[in-house]
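Protein chains in written order, with the working numbering: chain C, 1 to 195; chain R, 1001 to 1195; chain H, 2001 to 2195; chain V, 3001 to 3195.
Cβ atoms here follow ideal geometry from the backbone N, Cα and C, with glycine treated the same way.
Notes to accompany the following structure.
Number of protein chains: 4
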Amino acid sequence: MSARAPGRPRSAEADEAIVRATLEVLLEEGFRGLSVDAVRQRAGVGKATIYRHFPDKDALVVAAIRSLHKAVEEPPDTGSLEGDVHALFAQGYLSDPRITSFAPRLLAEAAGSPEMHAIFRSALIEPRRAFLGAILRRAVERGELLDDADLDLVIDLIAGPFIYRLLIDGGDPAVLAARGAAPLRLLLEGLAPGR
Amino acid sequence: MSARAPGRPRSAEADEAIVRATLEVLLEEGFRGLSVDAVRQRAGVGKATIYRHFPDKDALVVAAIRSLHKAVEEPPDTGSLEGDVHALFAQGYLSDPRITSFAPRLLAEAAGSPEMHAIFRSALIEPRRAFLGAILRRAVERGELLDDADLDLVIDLIAGPFIYRLLIDGGDPAVLAARGAAPLRLLLEGLAPGR
Amino acid sequence: MSARAPGRPRSAEADEAIVRATLEVLLEEGFRGLSVDAVRQRAGVGKATIYRHFPDKDALVVAAIRSLHKAVEEPPDTGSLEGDVHALFAQGYLSDPRITSFAPRLLAEAAGSPEMHAIFRSALIEPRRAFLGAILRRAVERGELLDDADLDLVIDLIAGPFIYRLLIDGGDPAVLAARGAAPLRLLLEGLAPGR
Amino acid sequence: MSARAPGRPRSAEADEAIVRATLEVLLEEGFRGLSVDAVRQRAGVGKATIYRHFPDKDALVVAAIRSLHKAVEEPPDTGSLEGDVHALFAQGYLSDPRITSFAPRLLAEAAGSPEMHAIFRSALIEPRRAFLGAILRRAVERGELLDDADLDLVIDLIAGPFIYRLLIDGGDPAVLAARGAAPLRLLLEGLAPGR
DNA sequence: CGTTAAGCGAGACGGTACGTCGTGTCTTTGT
DNA sequence: ACAAAGACACGACGTACCGTCTCGCTTAACG
């Protein structure tokens, strides 16, 4: 018995070319300047193929965003919580221009669209929370944090102000560097076990 | 020399009708569904009039957002920082559906548009930060906070996780109520002077 | 090594199914509504098979039209020219709805396409001219027409007004019956030898 | 009471430019090569304007055909029926390439579309019949034709074979010149009063 | 107190992008 | 080895929207 659909299968190359072209146009021309025909031309692909792979332009953008997921690398172990977090920020954990540029737009689409919101979470938010979570678990093992600390809450406390600043200041890296780390010290003091 | 332009003056009624219609369409149809013609029809106004009052569609949206500013009320003095902050959250400081619905969309427009971003900050962010600031200054006067506390930073620490949760969870009020207040207690402990 | 049969020799069936499906779609949807995919689906055939049998859509149409040729029957001998011609008209010599429906469309394709025009002539025009020619030759033998009459010209004179009316009046059978035969009498008088 | 519609009136210039551009593209590229965007570009007009003036591409073509009507000139009086008819043919009464090229295509559209057929008749057929009719009436006055001749029938007899040849031979002018006039002599003999 | 310049609703205008569909070619799997 | 199924590149179709431009009319300040 065959689980295979008949006919010529969808081209993975075309799919990849479309997503890559979308990302390129998105970065060069911005969201407003993204046209399906521009993607079509750059990908060297037929318009019908785009619409066969993605129901509409939004889905195309979502796929492009999702493709960024792979780019995020594992955070290194520097030996201390503070070092780990700084390393995470330093490696562009959230200040990656692609993220600061795309995330708000994606967020806008997510408003009123539960599926879009789920994609937003799974493609952008959760992987980053997972990295922070790993760092925090290492800190607990090291004894830097209380055993019963609510790690999800701690993540909120670390990432929240950072994101907030990101949104308010429009992703200016200098401002982020200056203010992003500030809450961390405060938290480290409040959450240290021996106190 | 005349300080007055000749001819019929611009109609304040038309201006108001345009802004109101824009808000209505924005709420009913969302950002994507907002078309100048829809505003025109709902406002009972000529298209040229819209473009005489606002240079383009973005300006129209900005004006509509700005018109929401008036709705925010002064936060009451409950006698304690914790009470004030809870009161602020309780009165819908940020969970106002108009805010949770508009803010992300506006944010999306703000990405890559400095003017839009400035509007976003001045119309939505700053008024709310001002309220929190007033509350915190009262707390300093009461002796609940250290005199030399960086209030802007404290605001980040309080509002940041809240906003972060708002964005992640899509503004679900129940979740906000459960998690929004959590960081506050932690902060209050860490920032109390007598320690 | 496998002695498996080299696939089903379905070629002839497929060809016939394609032509039949083309005719059906042509009659139901008209020329504009004829799409190769519609033919494909109705014939239960692969698209590549169609293009293996016919170079392009025009050839497909030509084949469909040609398949109508077989339907035309030999004209009977009634004993007189007038009777023969009336019999020819009566048997639907040209008022066959398939002809009145297809001919103009085919004509349209023929404009500017010599090959199409040749098809048009050989599949529709010439067989009918041949019938008229046979009738006229019988008339010459009977002495009803002058020996040196230009039979091609006589055919033009008989068929021309008829076709002209057909095109002008849109193939309305009543009109054709009323006016189609009229020129014939006039011609018979003018071409009778004993005058 | 105002008979004037509100708003900016449709542009007669745009309409004319569209029709002219359609005719040009039609003549240069042929029917198959006619695209609305080509017309749009050549006319220097917005696509929406085309579709505001004409419901679809067919209507556009019809309007272009109709615009040819004005080009037909009055037939001169040469003093004799035969001369008049020759003059009519000589001036391109029916051999105008625009006619021989468009008529069959229009005919094809007319099949199954009464409105289209009516346009075909009123824009192409009737004006030409009217010219022939005028010539024939002059002939009756001159005594060249019987007073009680059915002029409509005579028109059929003159025009019919000519059109028939036109269609069969694809509008080759040489063939038309050779064969188109042949039936005329026959008819003149048969319809002359003094016989 | 009438001119007159600029406002007004209405809607057509030139463009540009959208998403659908049709053509003729190709690449799969199944028989 | 050929057939069905259907994906592919290309390009036209008809719709919607943006921001500009006439229309004919109102409205108010100035002469």
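Just to confirm my understanding: we take residue i, look at its own chain, exclude 5 residues before and 5 after, and list those with CB closer than 7 Å. What are they?
{"i": "Val1045/R", "result": "Ala1014, Ala1017, Ile1018"}
{"i": "Val25/C", "result": "Leu34, Ala38, Val39, Arg42"}
{"i": "Asp3147/V", "result": "Val3140"}
{"i": "Ala1012/R", "result": "none"}
{"i": "Ala130/C", "result": "none"}
Would you mind working out which of the options sits nearest residue i, comparing C-alpha positions?
{"i": "Val3154/V", "options": "Ala3103/V, Leu3124/V, Phe3120/V, Leu3132/V", "result": "Leu3132/V"}
{"i": "Leu2068/H", "options": "Leu2166/H, Ala2118/H, Glu2082/H, Ala2123/H", "result": "Ala2123/H"}
{"i": "Ile125/C", "options": "Arg137/C, Ile163/C, Thr49/C", "result": "Ile163/C"}
{"i": "Ile119/C", "options": "Glu141/C, Lys57/C, Phe89/C, Arg66/C", "result": "Arg66/C"}
{"i": "Leu2031/H", "options": "Leu2151/H, Ala2130/H, Arg2052/H, Pro2104/H", "result": "This sequence places Phe at residue 2031/H; Leu is not what is there. Taking only the C-alpha atoms, the option nearest Phe2031/H is Pro2104/H."}
{"i": "Asp58/C", "options": "Asp147/C, Asp150/C, His117/C", "result": "His117/C"}
{"i": "Glu73/C", "options": "His86/C, Gly92/C, Gly79/C, Gly83/C", "result": "Gly92/C"}
{"i": "Lys2047/H", "options": "Leu88/C, Leu151/C, Arg8/C, Val85/C", "result": "Arg8/C"}
{"i": "Phe2089/H", "options": "Ala2159/H, Arg2121/H, Ala2012/H", "result": "Ala2159/H"}
{"i": "Asp1169/R", "options": "Asp147/C, Asp169/C, Arg121/C, Asp152/C", "result": "Arg121/C"}
Measure how close the beta-carbons of residue i and residue j come, nearest whole angstrom, since I'm counting them as under 8 Å.
{"i": "Ile3135/V", "j": "Pro3075/V", "result": "6 Å"}
{"i": "Ala107/C", "j": "Leu1167/R", "result": "In the sequence as displayed, the identity of residue 107/C is Leu instead of Ala. 6 Å between Cβ atoms; contact."}
{"i": "Arg2165/H", "j": "Asp3156/V", "result": "6 Å"}
{"i": "Val1062/R", "j": "Ile1050/R", "result": "Their Cβ separation, rounded to whole angstroms, is 14 Å, which puts Val1062/R and Ile1050/R out of contact at 8 Å."}
{"i": "His53/C", "j": "Arg10/C", "result": "7 Å"}
Could you name the residues of the same chain whose beta carbon sits closer than 6 Å to that of residue i, not counting the 5 residues immediately before and after it, in chain order?
{"i": "Thr3022/V", "result": "Val3039, Leu3060, Ala3064"}
{"i": "Pro1006/R", "result": "none"}
{"i": "Asp1077/R", "result": "none"}
{"i": "Arg3142/V", "result": "none"}
{"i": "Leu3081/V", "result": "Ala3139, Glu3144"}
{"i": "Glu1028/R", "result": "none"}
Mind listing the chain R neighbours of residue i? Cutoff is C-beta to C-beta under 9 Å, in chain order.
{"i": "Ala204/C", "result": "A query on residue 204/C cannot be resolved here, the shown segment of chain C reaching from 1 to 195 and no further."}
For a contact meaning CB atoms closer than 8 Å, what does residue i contact in chain V?
{"i": "Ile2125/H", "result": "Ile3168"}
{"i": "Leu2107/H", "result": "Pro3104, Leu3107, Ala3108, Leu3167"}
For a contact meaning CB atoms closer than 7 Å, what does residue i contact in chain C?
{"i": "Pro1055/R", "result": "Under the 7 Å cutoff, chain C gives no residues; its nearest Cβ is about 16 Å from Pro1055/R."}
Quick one: list the residues of chain V neighbouring residue i, beta-carbon separation under 7 Å, in chain order.
{"i": "Ile2121/H", "result": "It should be pointed out that residue 2121/H corresponds to Arg in this sequence rather than to Ile. Within 7 Å Cβ-Cβ: Ile3168."}
Which same chain residues, not among the five before or five after residue i, have their C-beta less than 8 Å away from its C-beta?
{"i": "Arg2137/H", "result": "Leu2151"}
{"i": "Asp84/C", "result": "Pro75, Pro76, Asp77, Thr78, Ile135, Arg138, Ala139"}
4 or more residues per run - each alpha helix (DSSP H) lying fully within the region 2117-2177 of chain H: The DSSP assignment places complete alpha helix (DSSP H) segments of no fewer than 4 residues inside the region 2117-2177 of chain H at 2126-2142, 2151-2169, in order along the chain.
Contiguous alpha helix (DSSP H) assignments of at least 4 residues, all confined to the region 2004-2088 of chain H: The qualifying runs are 2011-2029, 2036-2043, 2047-2053, 2057-2066.
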